[in-house]
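**Student:** Structure provided below as C-alpha cells; questions to follow.
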C-alpha cells in the first residue's frame with residue numbers, strides 16, 4: 001500500500017532468478033492543464049483502484065515522436081508520464097512471520113539530452129541488476145519544453161524536469177521499504193544527461 005495506492009506487479013525470471021517487476025507506478029499528479037509547466041505535485045490521495053504495474057506506462061512527450069517509435073517500437077507518448085519502475089529480488093510477504101533484510105537501492109535516471117528518452121526503453125530494464133541483491137528504480141521525467149521551458153509570461157519556472165526527478169526520489173524514500181528496499185541506502189546514478 002504505497003502513497004500512490006495499492007500496486008500489483010508480477011514476477012519475471014532472469015538468469016535463473018526470480019525478480020519482482022513493477023512498471024509505470026505514478027509518483028506525482030499528472031502534469032496536465034494548470035500543472036503543465038509547474039513543479040510536480042505529489043499524490044495526496046492514493047488511487048482507490050489497484051494500480052496495474054504489470055505493463056509499460058506512458059513515456060514523456062518528446063520530439064520527434066516518430067524517433068521514439070523507431071527506437072523502442074510501440075510506445076505511448078503522453079504528458080501524463082510521471083511514473084517509475086521497480087525491480088526487486090525481495091518483496092515483503094504479508095504471510096511471513098519474520099521480515100526479510102532490506103536491499104540497497106539503485107535509483108537510475110535515463111539520458112537523452114533532456115530532450116528524449118524513456119524508462120520503457122528495453123536497454124533500461126533493471127531486472128539484470130536486481131539479481132545482484134539490489135533493488136533498482138528508474139524514473140521518467142518531463143523532457144524538452146515540457147520539462148525545461150522557462151518564461152515569466154507563460155508561468156514556467158524552468159527545470160521542472162529536475163524537480164520531477166527529485167519528487168521521484170522522495171517517493172522512493174517514502175515507499176521503497178514496501179518493495180524490500182532500504183531507504184537509507186540509496187545510490188543515484190544515470191547515463192548522459194541523467195548523470196548530472
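Residue numbers (full-length UniProt numbering): 1 to 196.
Cβ coordinates follow ideal geometry from the N, Cα and C atoms, glycine included.
1) With a threshold of 16 other CB atoms inside 10 Å of the CB of residue 96, please say whether the residue is buried or exposed.
2) Looking at residue 194: is its Cβ nearer than 8 Å to the Cβ of residue 126?
3) Is it the case that the Cβ atoms of residue 53 and residue 8 are separated by a distance below 8 Å?
4) Is it a yes or a no for the stretch 119-137 touching the stretch 151-167, going by three-plus beta-carbon pairs under 8 Å?
5) To the nearest angstrom, report how far apart residue 144 and residue 99 are at their CA atoms.
6) Tell me the DSSP bridge mates of residue 21?
7) In three-state terms, what does DSSP make of residue 183?
8) Mapping DSSP to helix, strand and coil, what is residue 192?
9) Determine, using beta-carbon pairs with one atom in the stretch 180-191 and one in the stretch 28-37, whether at least three such pairs fall under 8 Å.
10) For residue 25, count neighbouring C-beta atoms within 10 Å of its own C-beta (all shown protein chains included) and say buried if the count is 16 or more, exposed if not.
11) Using the rule of at least 16 other Cβ atoms within 10 Å of the residue's Cβ for burial, across every protein chain shown, is residue 179 buried or exposed?
12) With distances taken from CA atoms, which of 136, 22, 91 is nearest residue 105?
13) From 50, 14, 23, pick the residue whose C-alpha is nearest to that of residue 84; which is it?
14) Whole angstroms is fine: what's the gap from residue 139's alpha carbon to residue 6's?
15) How is the beta strand (DSSP E) around residue 127 delimited, first residue to last?
16) Of all the options 162, 55, 63, which has the alpha carbon lying nearest to the alpha carbon of residue 109?
17) Ignore the nearest five residues each way along the sequence and tell me which others in residue 118's own chain have a CB closer than 6 Å to its CB.
18) Output the distance between the C-alpha atoms of residue 183 and residue 115, rounded to the nearest integer angstrom.
19) Name the residue from 101, 19, 147 whose alpha carbon lies nearest to the alpha carbon of residue 38.
**Tutor:** Per the coordinate set shown:
1) As a first step, residue 96 is located in the chain shown; it is residue number 96 there, counting from the start. Residue placement at residue 96 is flagged as unreliable, the pLDDT there being 49, under the threshold of 50; the coordinate-derived value follows with that caveat. Answer is exposed; the Cβ neighbour count stays below 16.
2) Within the chain shown, residue 194 is the residue found at index 194, counting from 1. Within the chain shown, residue 126 is the residue found at index 126, counting from 1. Not in contact: residue 194 and residue 126 (Cβ atoms no closer than 8 Å).
3) Your numbering for residue 53 matches position 53 in the chain shown. Your numbering for residue 8 matches position 8 in the chain shown. Yes.
4) no
5) Numbered from 1 along the chain shown, position 144 holds the residue referred to as residue 144. Numbered from 1 along the chain shown, position 99 holds the residue referred to as residue 99. When rounded, the distance between both Cα atoms is 43 Å.
6) Translated into positions along the chain shown, residue 21 becomes position 21. 10, 87.
7) Here residue 183 refers to the residue found at position 183 of the chain shown. Residue 183 falls in the strand class under three-state DSSP.
8) In the chain shown, residue 192 corresponds to position 192, counting from 1. Residue 192: helix per DSSP, three-state reduction.
9) no
10) Here the question's residue 25 lines up with position 25 in the chain shown. It counts as buried.
11) Here residue 179 refers to the residue found at position 179 when the chain shown is read from its first residue. Burial call: buried.
12) Position 105 of the chain shown, counted from the start, is the residue given in the question as residue 105. Per the Cα distances, 136.
13) Walking along the chain shown from the start, residue 84 turns up at place 84. Residue 84 has its Cα closest to that of 23, out of 50, 14, 23.
14) Counting from 1 along the chain shown, the entry for residue 139 is found at position 139. Counting from 1 along the chain shown, the entry for residue 6 is found at position 6. Approximately 19 Å between the Cα atoms of the pair.
15) Taking the first residue of the chain shown as 1, we reach residue 127 at position 127. Looking at the DSSP string, residue 127 is not in any beta strand (DSSP E); the run it does join, the alpha helix (DSSP H), is 127-130.
16) Position 109 of the chain shown, counting from 1, holds the residue named residue 109. Closest option to residue 109, Cα to Cα, is 162.
17) The residue labelled residue 118 in the question sits at position 118 within the chain shown. Result list for residue 118: 59, in chain order.
18) Walking along the chain shown from the start, residue 183 turns up at place 183. Walking along the chain shown from the start, residue 115 turns up at place 115. Cα-Cα distance, rounded: 30 Å.
19) Here residue 38 refers to the residue found at position 38 of the chain shown. Per the Cα distances, 147.
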